[in-house]
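Input: a single structure, listed below in structure tokens.
Number of protein chains: 2
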Amino acid sequence: MVKITDVARHAGVSPSTVSYALSGKRPISEETRRRVEEAARTLGYRPHAGARALASSRSNVLALVVPLRAGIHVPVVMQFAVSVVTAARRHDHDVLLLTQEEGEEGLRRVADTALVDALILMDVQLHDPRLPLLRSLDRPSVMIGFPLEADGLTCIDLDFRAAGERCVEHLAQLGHRVVALVGSPPEVYVRGTAFAQRVVQGFTAAADRAGLASAVHPCEAPPAAARRVAERLLREQPALTGVVVHNEAVLEPLIDAFEQLGLRVPGDLSVTAICPDELAAGLRVPVTSVALPSAEVGERAVELLMRKLDGDAVPGATLLPPALTRRASTAPRTVSPR
Amino acid sequence: MVKITDVARHAGVSPSTVSYALSGKRPISEETRRRVEEAARTLGYRPHAGARALASSRSNVLALVVPLRAGIHVPVVMQFAVSVVTAARRHDHDVLLLTQEEGEEGLRRVADTALVDALILMDVQLHDPRLPLLRSLDRPSVMIGFPLEADGLTCIDLDFRAAGERCVEHLAQLGHRVVALVGSPPEVYVRGTAFAQRVVQGFTAAADRAGLASAVHPCEAPPAAARRVAERLLREQPALTGVVVHNEAVLEPLIDAFEQLGLRVPGDLSVTAICPDELAAGLRVPVTSVALPSAEVGERAVELLMRKLDGDAVPGATLLPPALTRRASTAPRTVSPR
DNA sequence: TTCCCCCGTCGAAGCGCTTCGACGTCACCC
DNA sequence: GGGTGACGTCGAAGCGCTTCGACGGGGGAA
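Just so you know, the protein sequences line up as chains L and W, in that order. For the first sequence, counting from 1, position 205 maps to 205 in our numbering; every step adds exactly one. For the second sequence, counting from 1, position 151 maps to 151 in our numbering; every step adds exactly one.
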């Protein structure tokens, strides 16, 4: 293993000069810097991560806690993770993967052993048990999602409330008067997952404001569940013409079910979704949707953390405004009753 | 931050004794060990990861390289990742997440900086460019998947060749004489992804051996592609009664397509798959399948690495035997022609 | 009773890096 | 021409832990 003293000798300078030349933390003459860099390159010098962490009390590693729960859409989680890793690398950091299984103890462990400099949490609950811990930790953190009480913490997410509203407004503009929300599986609401509840709030508020009749239906993931919900929807709201889907797993089966029940999309029924753009755009009937910008969220989360690590103040809440893309699944309400 | 000297003082022993007491690397009297443990507990002592890594040249971190490519099934990747993390934690290790985007340079970086002790690679190609690098690294590694030339390296995976064979044998036993394999998207074969090709080999070999007529069809992920493949299958092999699906994304759409084309599963067509058990079992028609044991593979990969880290010899190749579970989608061939 | 060995513990060195204070040199200004 | 910074570099300390050799004391064997 080649170490800093080897580079120093090779470049004819002291180890500290090598350190400064490579880190840029003190001015070093152009000439010396070039010599050091070349020495480092020809020797293949790689600073020892542990030594560096010990001396600088910075590990250049971020922790990412991913959810394992039922009812969450795995590809979305993966997208977050990948964008976090990519963004972290741009800032010269690596990412340690933690599962929620490890719980608070895991967070405390990686923070207290100085394995990581900072933490990113996904799948935040309204009353998340990890909040007090995060506050007490001496390391910065960012949550992807909003708990109810986030004082002193930093959160970022799509503005799900606004997303719910946006979908309803779009349907209202098209003339629809009776709408329904097909949401996540019941357990997601039961455990108080913030984003799911916010969509419901936004959906309901916007519907009330616009004077629409509305209903909310949680829905399990299997296609059969989608079919059942579709039937129930039509039974309970015979005049239904607008549907908002906030559940990646059932989006396609649900549309299939509607069509099998004799409803054309968008002829008889307009469907909008809150989901990743690729999913909405890739369906047989491309679906009008509010995008779930996982890549952007992951990226911004990392940037927030970096600023916190630099000691800068950051906004406690970052809500990304929803962007609705019109596709083939929504159309003005047909005036003639069916 | 509480350090080892604090614990030592509190327990009335020297720092080295604390170290030995906690690590068990030298015999320490019962009495002393208890005092040390209690001191550590009451003070909330957490050894500094960097310091430990520097002194012991062990970081207790594994690198996991996950694929980002098109055509791979994301939930499967996630399952691997989770099982690797869980298994690693059981061995007191953490997991650093790398994306394939970082490439060989990323591997070299985390290995040479001693950030990680060992590496796990997924999505191995037949001619994987990372092989020489892995051989030259001074750290042990395990590949999930088999390249063509694996001398000196350690690999583990489901025996995909045998899995392909097993599916065909099952169909043959049921009396089917004309079979087809619906595989991964073409790009997966083009880039030489080992497991996909092995399934083809096993499928073809077993079909030849049993004297079955057979054909292989790569298939893109979108449902529309599944439909096209279904039509083509029936056109090109009118006597087709047995299908093997090795493509998680199209399994369900394919069955739908067959049924829409007027074929009942398993009445007219027996379908078997190579995919995660949950997927096969959760479909409308539960599908007979060879399980993709991601959890077991991840776990075993970690165990192999641990043994290598301990300096033990391990087998170069670990092939997990396929296990076929019969479900509703396969039945004996109907004697009467349709 | 003496010698030896082993068990349990200690002290010190050192892992490879960063960082702080200090020092020499040069340029510039009065 | 001497004082004064600023610039560029060096040396040494120290980050918190592990590990190696050494050492004292007690027990068993002779």
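Every residue gets a Cβ at the ideal spot worked out from N, C-alpha and C, and that includes glycine.
Residue i at chain W interface by Cβ criterion, 8 Å
i	result
T342(L)	This structure leaves residue 342(L) out entirely; chain L is present only between 1 and 338.
V18(L)	no
G282(L)	yes
L96(L)	yes
E102(L)	yes
L269(L)	no
L68(L)	yes
V142(L)	no
R90(L)	no
Buried versus exposed call for residue i [16 or more other C-beta atoms within 10 Å across all chains shown]
i	result
R161(W)	buried
V188(W)	buried
R235(W)	exposed
V190(L)	exposed
L148(L)	exposed
H127(W)	exposed
R227(W)	buried
T42(W)	exposed
S387(W)	Summary: the structure shown does not reach residue 387(W), with chain W confined to residues 1 through 338, and so no result is reported for it.
E220(L)	buried
D256(W)	buried
H93(L)	buried
D339(L)	Given that chain L is displayed from residue 1 to residue 338, the structure contains no residue 339(L) and the question cannot be resolved.
E165(W)	buried
M143(L)	buried
G44(L)	exposed
Q79(L)	buried
P343(L)	As displayed, chain L neither begins before 1 nor continues past 338, which places residue 343(L) out of reach and without an answer.
E252(W)	buried
T330(W)	buried
P337(L)	Because P337(L) carries a pLDDT of 47, less than 50, the predicted location of this residue cannot be relied on, and no value is offered for it.
A40(W)	buried
H246(L)	buried
G183(W)	buried
D159(L)	buried
S427(W)	Outside the shown range of chain W (1 to 338) lies residue 427(W), about which nothing can therefore be said.
Residue interval of the alpha helix (DSSP H) (run including residue i)
i	result
G164(L)	160-173
T42(W)	30-43
T5(W)	4-11
T204(W)	194-210
T17(L)	15-23
Residue i - containing beta strand (DSSP E), residue span
i	result
H217(W)	213-217
S141(L)	141-144
L402(W)	Outside the modelled stretch of chain W, which goes from 1 to 338, sits residue 402(W), for which no answer is possible.
V95(W)	94-99
S289(W)	288-291
L320(W)	317-320
A118(L)	118-121
Closer than 8 Å to chain L by CB, residue i
i	result
R338(W)	With a pLDDT of 44 at R338(W), under the threshold of 50, the modelled position of this residue cannot be trusted, and the question is left open.
G71(W)	no
R9(W)	no
R33(W)	no
G298(W)	no
T113(W)	yes
A81(W)	yes
P286(W)	no
T99(W)	yes
E149(W)	no
E165(W)	no
M78(W)	yes
P75(W)	yes
L121(W)	no
R327(W)	no
R46(W)	yes
Near the ligand FAD: residue i beta-carbon under 7 Å from a heavy atom
i	result
R52(L)	Among the components of this structure there are no ligands whatsoever, and the ligand FAD is therefore not found.
Quiz item: Got a sec: which bits of the segment 199-228 of chain L sit with their beta carbon under 8 Å from any beta carbon on chain W, in order along the chain?
Solution: P222, P223, A224
Quiz item: Which of the residues in the segment 48-61 of chain L, read from start to end, lie with their CB under 7 Å from any CB of chain W?
Solution: H48, A49, G50, A51, A53, L54, S59
Quiz item: Taking the runs of the beta strand (DSSP E) that are 3 residues or longer, which of them lie wholly in the segment 225-275 of chain W?
Solution: 242-245, 270-275
Quiz item: Which residues, taken in chain order from the segment 301-314 of chain L, show a beta carbon closer than 9 Å to some beta carbon of chain W?
Solution: none
Quiz item: Which full runs of the beta strand (DSSP E) of 3+ residues lie inside the segment 64-91 of chain L, going along the chain?
Solution: none
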